[in-house]
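K.L.:
Sharing a structure here in structure tokens format.
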Amino acid sequence: MEEESQASERTATDLVRYALACHASGKPIRRENLKTHVLGNTPTRNTRPLLDRANTLLTQNFGLKMVALPSHEKILTNKAPAATAATKWVLQSTLPDAARQRLELAQTEDQQAILGFATTVLSLVFVSNMSVPVDQLVLYVRKLGPPQCIATAADTRETAEYASDAQMESAAREAIGYLLRQGYLDKVKLGASGGGEHGAETQATQASQLPTDGGDRHDEGMMYTWGPKARIEFQPLDMARFIAAATGQECSDEFVKTIGRAYGSNITASQ
Numbered sequence: 052m053e054e055e056s057q058a059s060e061r062t063a064t065d066l067v068r069y070a071l072a073c074h075a076s077g078k079p080i081r082r083e084n085l086k087t088h089v090l091g092n093t094p095t096r097n098t099r100p101l102l103d104r105a106n107t108l109l110t111q112n113f114g115l116k117m118v119a120l121p122s123h124e125k126i127l128t129n130k131a132p133a134a135t136a137a138t139k140w141v142l143q144s145t146l147p148d149a150a151r152q153r154l155e156l157a158q159t160e161d162q163q164a165i166l167g168f169a170t171t172v173l174s175l176v177f178v179s180n181m182s183v184p185v186d187q188l189v190l191y192v193r194k195l196g197p198p199q200c201i202a203t204a205a206d207t208r209e210t211a212e213y214a215s216d217a218q219m220e221s222a223a224r225e226a227i228g229y230l231l232r233q234g235y236l237d238k239v240k241l242g243a244s245g246g247g248e249h250g251a252e253t254q255a256t257q258a259s260q261l262p263t264d265g266g267d268r269h270d271e272g273m274m275y276t277w278g279p280k281a282r283i284e285f286q287p288l289d290m291a292r293f294i295a296a297a298t299g300q301e302c303s304d305e306f307v308k309t310i311g312r313a314y315g316s317n318i319t320a321s322q
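So for the sequence shown, the working numbering puts the first residue at 52; every next one is plus one.
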């Protein structure tokens, strides 16, 4: 019995190491990879206790916890997946706001640039009733200029004047593709009932199955909305505060109401 307990503790510790490695590389923790690299032939009935123990170790030692990402089918309904049905997780901080802000200051320049870029793009989707046509978001990103760390061509804000239209288009789509792969964005097909996230089909199209390097017929009727990672990491009120700060305005109750109308739903402190 003691040997079994020690073996379970070692597996939970290995799971923590793997989760931290995924977190450091910006990748989600996938159930199939956990089985391949950590759990092996562990019986399914033992998986939940191991995940719970790993979460305890993460919280106690690193101030983090594993949070299940909603599946593509549930993104537009805002339903959280059941713990036993989750197939992907990300690590989320359990630290108070002040401690999280100190950690954000310790980020590298590339990390800060990517976070700022992702947040800005997400804010544009946020104030567009949570859905933006593919070509429209490409145009936004072209004007914004993707950060150098995720652009392979010389198509950043500093060098845009020397880049051709084709290069700028390619760089914008590449940057959007990066946000898709990271789970910040999702690409969905617009339903017949109209625009907005409520008018999109409930089955969101897997980003990996769609081209991101140039427009084609597959983009017709397609929209970008928030991906599963964005819905975990960003709350509506936080986004309203970000928009207020970015535009130099006070985040007053009236401002939040205005942003809520663009978002398509009332924003409350509990969201």
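A virtual CB, placed ideally from N, CA and C, is assigned to each residue, including glycine.
Exposed or buried, what is Ala131 when buried is set at 16 or more other beta-carbons lying within 10 Å of its beta-carbon?
P.N.:
Note that Ala131 scores 48 on pLDDT, short of 50, meaning its location in the model is unreliable; the coordinates nonetheless yield the value given after this. Exposed: under 16 other Cβ atoms inside 10 Å.
K.L.:
Take every Cβ of the stretch 295 to 310, pair it with every Cβ of the stretch 186 to 198, and state whether three or more of those distances are shorter than 8 Å.
P.N.:
Touching, no.
K.L.:
In angstroms, rounded to a whole number, what distance separates the CA positions of Asp216 and Tyr229?
P.N.:
Taking the straight line joining both Cα atoms gives about 20 Å.
K.L.:
Based on Cα-Cα distance, which residue from Ser179, Ser221, Met273 lies nearest to Ser316?
P.N.:
Here the closest residue by C-alpha is Ser179.
K.L.:
Assuming contact is defined by CB atoms lying nearer than 7 Å, are Ser174 and Met290 in contact in what I supplied?
P.N.:
Yes; because the gap between Cβ atoms is below 7 Å, this pair is in contact.
K.L.:
From the DSSP output, in three-state form, read off Lys238 for me.
P.N.:
Strand.
K.L.:
In whole angstroms, give me the CA-to-CA distance for Arg224 and Gly278.
P.N.:
Each residue's Cα considered, the two are about 16 Å apart.
K.L.:
Is DSSP giving Gln143 helix, strand or coil here?
P.N.:
Reduced to three states, the DSSP call for Gln143 is strand.
K.L.:
Considering only residues of the same chain and omitting the five flanking positions on each side of Ile80, which have a CB-CB separation below 6 Å?
P.N.:
Excluding positions up to five away in sequence, the list reads Ala70, Cys73, Trp140.
K.L.:
Using DSSP with H/G/I as helix, E/B as strand and the rest coil, what is Leu120?
P.N.:
Three-state DSSP puts Leu120 in coil, outside helix and strand.
K.L.:
Please state the DSSP three-state secondary structure of Thr276.
P.N.:
In the structure shown, Thr276 sits in a strand (DSSP, three-state: E or B).
K.L.:
Buried or exposed: which applies to Asp237, given that a residue is buried once 16 or more other Cβ atoms fall within 10 Å of its Cβ?
P.N.:
That one is buried.
K.L.:
Measuring alpha carbon to alpha carbon, tell me which residue in Ala313, Gln199, Ser182, Met181 is nearest Leu166.
P.N.:
Taking only the C-alpha atoms, the option nearest Leu166 is Gln199.
K.L.:
Under the three-state reduction of DSSP, which class applies to Pro287: helix, strand or coil?
P.N.:
Helix.
K.L.:
Is the distance from the Cβ of Ala222 to the Cβ of Ile201 below 7 Å?
P.N.:
Not in contact: Ala222 and Ile201 (Cβ atoms no closer than 7 Å).
K.L.:
Short check: CB of Leu101 to CB of Ala75, under 7 Å?
P.N.:
For Leu101 and Ala75, no; Cβs fall outside 7 Å.
K.L.:
I need the straight-line Cα distance from Ala297 to Lys86, nearest angstrom please.
P.N.:
About 43 Å.
K.L.:
Return the residue from the list Arg292, Leu66, Gly272, Glu271 that minimises the CA-CA distance to Thr336.
P.N.:
Here the chain covers residues 52 to 322 and nothing more, so residue 336 does not appear.
K.L.:
Measure the CB-CB distance between Gly77 and Gln286 and report whether it falls below 7 Å.
P.N.:
Not in contact: Gly77 and Gln286 (Cβ atoms no closer than 7 Å).
K.L.:
By a C-beta neighbour count over all protein chains shown, 10 Å radius and 16 as the cutoff for buried, is Asn106 buried or exposed?
P.N.:
With 16 or more other Cβ atoms within 10 Å, it is buried.
K.L.:
Please classify Asn129: is it buried, with 16 or more other beta-carbons within 10 angstroms of its beta-carbon, or exposed?
P.N.:
Reliability fails at Asn129, whose pLDDT of 48 lies under 50, so the model's placement of it is uncertain and no value is given.
K.L.:
Just how far apart, CA to CA, sit Asn97 and Glu55?
P.N.:
Near 12 Å, if we compare the C-alpha coordinates of Glu55 and Asn97.
K.L.:
Give every residue of the same chain whose Cβ lies closer than 8 Å to the Cβ of Lys280, excluding the five residues on either side of it in the sequence, and list them in chain order.
P.N.:
Within the same chain, Lys280 has close Cβ partners Pro79, Leu120, Val141, Gln233, Gly234, Tyr235.
K.L.:
Assuming Thr62 is part of the alpha helix (DSSP H), what are its boundary residues?
P.N.:
Counting along the chain, the alpha helix (DSSP H) containing Thr62 begins and ends at 53 to 75.
K.L.:
Tell whether a beta-carbon distance below 7 Å holds between Gly196 and Leu146.
P.N.:
Cβ distance not < 7 Å, so Gly196 and Leu146 don't count as in contact.
K.L.:
So, with DSSP's three-state summary, where would you put Pro184?
P.N.:
Strand.
K.L.:
Helix, strand or coil for Ile318 per DSSP?
P.N.:
DSSP places Ile318 in coil when its eight states are reduced to three.
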